[in-house]
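See below for the structure under consideration.
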Amino acid sequence: MHVLWSSTTPPAPPRPTPARTIPVRKLALAGVAVAVGLAARQDPELTSQLLLGLVTFTALDRLDAAIR
Numbered sequence: 045m046h047v048l049w050s051s052t053t054p055p056a057p058p059r060p061t062p063a064r065t066i067p068v069r070k071l072a073l074a075g076v077a078v079a080v081g082l083a084a085r086q087d088p089e090l091t092s093q094l095l096l097g098l099v100t101f102t103a104l105d106r107l108d109a110a111i112r
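In our numbering, the protein residues as written are 45 to 112.
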């Protein structure tokens, strides 16, 4: 009787838990929020443009995430 080669692989060691990090997108949005806040003190028109850019970026980012 022929015996087929059988090997058992040991279970993989547990992966180390990564340190809790802040995603880059959240940091970018926080930076934009600070910029909008600072601009609001100086120029209302610039503030509206920054807010429109933030809304557009967020919408495109969510659309991109939904497609993937």
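Every residue gets a Cβ at the ideal spot worked out from N, C-alpha and C, and that includes glycine.
What is the DSSP secondary structure of R85, reduced to helix, strand or coil? helix
Three-state class that DSSP yields for A77 in the structure shown: helix
Cα-Cα separation, A92 to P67: Inspection of the sequence shows that residue 92 is occupied by Ser rather than by Ala. Roughly 26 Å separates the two Cα atoms.
For the putative contact between V76 and L98, defined by C-beta atoms under 8 Å, what is the C-beta separation to the nearest angstrom? 5 Å
For the putative contact between V80 and L96, defined by C-beta atoms under 8 Å, what is the C-beta separation to the nearest angstrom? The pair is not a contact, with the Cβ atoms about 11 Å apart (cut-off 8 Å).
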